[in-house]
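Here is the structure we will look at, set down as structure tokens.
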Amino acid sequence: MALLGLGTDIVEIARIEKQLEKTHRLAERVLTAEELDIFNEHKFPARYLAKRFAAKEAMVKAVGIGIGNGVSWQQMAVCNRESGQPYMEYSGYLAEVCKKMGVTECLLSIADEQHYAVATVVLG
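Residues 1 to 124, numbered by the working numbering, are exactly what the sequence shown covers, in order.
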């Protein structure tokens, strides 16, 4: 696999918790409808949101464009295989850019610890 893009992002979970204490607007903006359903039932919603936020930021960094430059949060969804392995689904303008780049594979790794969530995306 030829390396076409690499992106990493780290999120402080406490920052997400503070936002969620005020409003769920951040979750509604960042998450797809399916992700929002899981978020609303999740035992640790701030961790769930922080990991998705980090993954989506890592994705746009790997592609080399930012949110708002034709790409929206809703064009990305973090999903899990039966094994639990995360993967990224993407659509719209983001999918067009990935196709032009020659992306045929998108590898995603997500982790969280007490204070932080981190994600890395490798495009090939």
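Beta carbons are placed, not taken as given, at the ideal position from N, Cα and C, and that holds for glycine. Only a predicted model underlies this, so the values are computations on that prediction, with no experimental measurement involved.
- When secondary structure is reduced to three states using DSSP, residue 89 falls in the strand class.
- The beta carbon of residue 93 is closer than 7 Å to those of 70, 71 and 75 in its chain, skipping five residues each way along the sequence.
- Put simply, the backbone Cα of residue 20 is about 13 Å away from that of residue 30.
- A Cβ-Cβ distance of about 13 Å is found for the pair residue 53 and residue 121, leaving them out of contact under the 8 Å criterion.
- For residue 36 against residue 101, the beta-carbon gap comes to about 29 Å, at or over 8 Å, which does not count as contact.
- Cα atoms of residue 13 and residue 56: separation of roughly 15 Å, rounded to the nearest angstrom.
- Residue 7 is classed as buried because its beta carbon has at least 16 other beta carbons within 10 Å across all chains shown.
- Between residue 27 and residue 117, the C-beta gap is not smaller than 9 Å, which leaves the two residues out of contact.
- Cβ contact annotation for residue 66 (same chain, cutoff 7 Å, sequence separation greater than five): 60, in chain order.
- The alpha-carbon of residue 15 is positioned some 20 Å away from that of residue 41.
- The residue among 82, 73, 58 and 103 with its C-alpha nearest the C-alpha of residue 119 is 58.
- The shortest CA-to-CA distance from residue 111 to any of 97, 99, 90 and 47 is the one to 47.
- Residue pairing by DSSP puts residue 10 in a beta bridge opposite 118.
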